[in-house]
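Quick note: the sequence shown, position 72, residue 71 per numbering that gives the first Met the number 0, numbers continuous. The beta carbon of each residue, even a glycine, is placed where N, CA and C say it ideally should be. Notes follow the structure.
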Amino acid sequence: MFRSGNPALKENTFLDAASGTVVTRDGEVMTLNGTVHKTGLLLFLAVLTGAFAWNSIEITPEGMSPNGMLYLVGGVVGGFVFAMITIFKASWSPVTAPL
0 MFRSGNPALK ENTFLDAASG TVVTRDGEVM TLNGTVHKTG LLLFLAVLTG AFAWNSIEIT
60 PEGMSPNGML YLVGGVVGGF VFAMITIFKA SWSPVTAPL
């Protein structure tokens, strides 16, 4: 196991309370390498989406283009819906996190 100064990451953080074994999902153990790769992929998707929206919006002296509000409202509502789905159905996270 690794050492961390974070008080939330104690020696028994990833242990099952009943059996005392490391918690796995479908027989897979969380690794640092896997976490870094998934974080990098999600960060890349967030930057790509942000760059698309940034280049699609036109701001003029009269105000923002109509598609700007569409992206803003769609992103907020869609992000909230997918966040709630991910929170309550964690097994769906491989699909909902990139969305």
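Cβ separation of residue i and residue j, assumed to be a contact under 8 Å, to the nearest whole Å
i      : j      : result
Leu-41 : Ala-96 : 6 Å
Three-state class that DSSP yields for residue i in the structure shown
i      : result
Met-83 : helix
Thr-34 : helix
Met-29 : coil
Pair within 7 Å by beta-carbon distance, residue i and residue j
i      : j      : result
Gly-67 : Ile-56 : yes
Phe-98 : Phe-81 : It is Leu, not Phe, that sits at residue 98 in the sequence shown. Yes.
Tyr-70 : Ala-50 : no
Within-7 Å CB hit, residue i to chain D
i      : result
Ser-64 : Absent from the structure: chain D. Only one protein chain is present.
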